[in-house]
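These notes are about the structure you will find just below.
Numbering (this note's numbering), first residue to last: 9 to 159.
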């Protein structure tokens, strides 16, 4: 059980497709539950604007955002390693894609995707969906592959 919980925060190791998918679902479900709990218990105000902001209050928003993105990036790093690709350039590219989608593209266009993805621009949304589908469907590298390196 501790290995399962630790996999949400560490960047080493590997995650196959099913493990990655299940952990991403857990991160999203726990994040939604924590959002609701935080709003009810502490009287936090949900952000009215779409984007990476969860709350109007800056400190809880920063803490929640860092925890959420840390878990997603850690899981993605493990999945990229399992796929046999170099982790740092891929994670840097995915992070830049997320920053582009949340900070640059919304200032350039008013166009948004339909519900429930209304916070995404069409270009950023399509690129994000392609990136996550790539992480979900690309097969694991062979166990004996030189690309995998130590676990």
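Where is the CB? At the ideal position from N, CA and C, for every residue including glycine.
Please classify residue i as buried or exposed, where buried requires at least 16 neighbouring CB atoms within 10 angstroms.
{"i": "residue 26", "result": "exposed"}
{"i": "residue 77", "result": "exposed"}
{"i": "residue 74", "result": "exposed"}
{"i": "residue 51", "result": "exposed"}
{"i": "residue 53", "result": "exposed"}
{"i": "residue 134", "result": "exposed"}
{"i": "residue 143", "result": "buried"}
{"i": "residue 89", "result": "buried"}
{"i": "residue 23", "result": "buried"}
{"i": "residue 158", "result": "Annotation note: pLDDT 49 at residue 158 (below 50); position unreliable, no value reported."}
{"i": "residue 18", "result": "exposed"}
{"i": "residue 46", "result": "buried"}
{"i": "residue 85", "result": "buried"}
Among the options, whose alpha-carbon lies nearest the alpha-carbon of residue i?
{"i": "residue 91", "options": "113, 29, 146", "result": "146"}
{"i": "residue 43", "options": "62, 32, 34", "result": "62"}
{"i": "residue 83", "options": "150, 33, 138, 136", "result": "33"}
{"i": "residue 107", "options": "94, 128, 93, 31", "result": "128"}
{"i": "residue 68", "options": "39, 109, 10", "result": "39"}
{"i": "residue 139", "options": "70, 150, 81", "result": "81"}
{"i": "residue 55", "options": "45, 48, 66", "result": "66"}
Residue range of the alpha helix (DSSP H) that residue i falls in?
{"i": "residue 94", "result": "Element bounds for residue 94: n/a, residue is neither H nor E."}
{"i": "residue 48", "result": "25-50"}
Checking 7 Å against the spacing of the C-beta atoms, do residue i and residue j come in under that value?
{"i": "residue 116", "j": "residue 132", "result": "no"}
{"i": "residue 16", "j": "residue 79", "result": "yes"}
{"i": "residue 109", "j": "residue 136", "result": "yes"}
- Query: Per the contact definition of three or more C-beta pairs closer than 8 Å, is the segment 93-103 in contact with the segment 118-129?
  - Reply: no
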